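Per numbering that gives the first Met the number 0, the sequence shown starts with residue 0, numbered consecutively.
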Amino acid sequence: MAVTLMNPEGLPEVDLYRQVSVATGSRLVFVAGQIARDADGGKVGEGDFAAQVEQCYLNLGTALAEAGATFDDVAKLTLYVVDWTDDKMPLFVEGVARASERLGVSVRAPLTGVGVTALAEPDVMVEIEATAVVDG
């Protein structure tokens, strides 16, 4: 594996992600921010934050697979959320859990969440991008 996830002593342990990843592979994979759209560009989960998070992760899985990577290779995730409030956290966790179950993976890469005022389209509540490192 090209990415090792760690939670150093002295930093809080978070169930949803690890604080550090160390990448040793030779190929970088950058996945553009994914939004809640299906393969045909149709809207998924309009007004449903958890459903949008789930679809973002499913789209990331598709993009990673095409590049020969998996969620095990993800070194960093960045999450953009429109009008972030604390009440969205349980919905975020729910969406990640549903996607993880459907994909058969555990998503624990370091994660940075950024609250924004808007994204590219008015119905989009969340966008998630990934950076992965793979061997060979």
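Every residue, glycine too, gets a C-beta built ideally from N, C-alpha and C.
In this text, all values refer to a predicted model and were calculated from it rather than measured experimentally.
Verify whether the separation of the beta carbon atoms of residue i and residue j is less than 8 Å.
i	j	result
P89	Y16	no
L59	V30	yes
V43	Q33	no
G41	V80	no
T77	E128	yes
D82	G114	yes
Between which residues of its own chain and residue i is the CB-CB distance below 8 Å, once the five residues before and five after are set aside?
i	result
S99	Y56, S105 and V106
R36	K42, V43, Q54 and N58
V123	I34, A35, Q51 and V81
K87	F48 and V80
Determine the extent of the beta strand (DSSP E) in which residue i is found, giving its start and end residues.
i	result
G114	L110 to V115
T77	V73 to V81
E126	V125 to V133
A38	Taken as a continuous stretch (DSSP letters only), A38 belongs to no beta strand (DSSP E), as it is neither H nor E.
Helix or strand or just coil, what does DSSP make of residue i?
i	result
A1	coil
V13	coil
T61	helix
V21	strand
A49	helix
Under DSSP, the alpha helix (DSSP H) around residue i begins and ends at which residues?
i	result
S99	M88 to L102
Give every residue of the same chain whose Cβ lies closer than 6 Å to the Cβ of residue i, excluding the five residues on either side of it in the sequence, and list them in chain order.
i	result
G94	A49, V52 and E53
F70	V104 and V106
V28	A66, A68 and A131
R97	E53
By Cβ distance below 7 Å, which residues in the same chain neighbour residue i in space, the five residues on each side in sequence not counted?
i	result
A74	V2, S20, A22, A108, T130, A131 and V132
V92	L15
S25	D134 and G135
Per DSSP, what are the beta-bridge partners of residue i in this structure?
i	result
V30	A129
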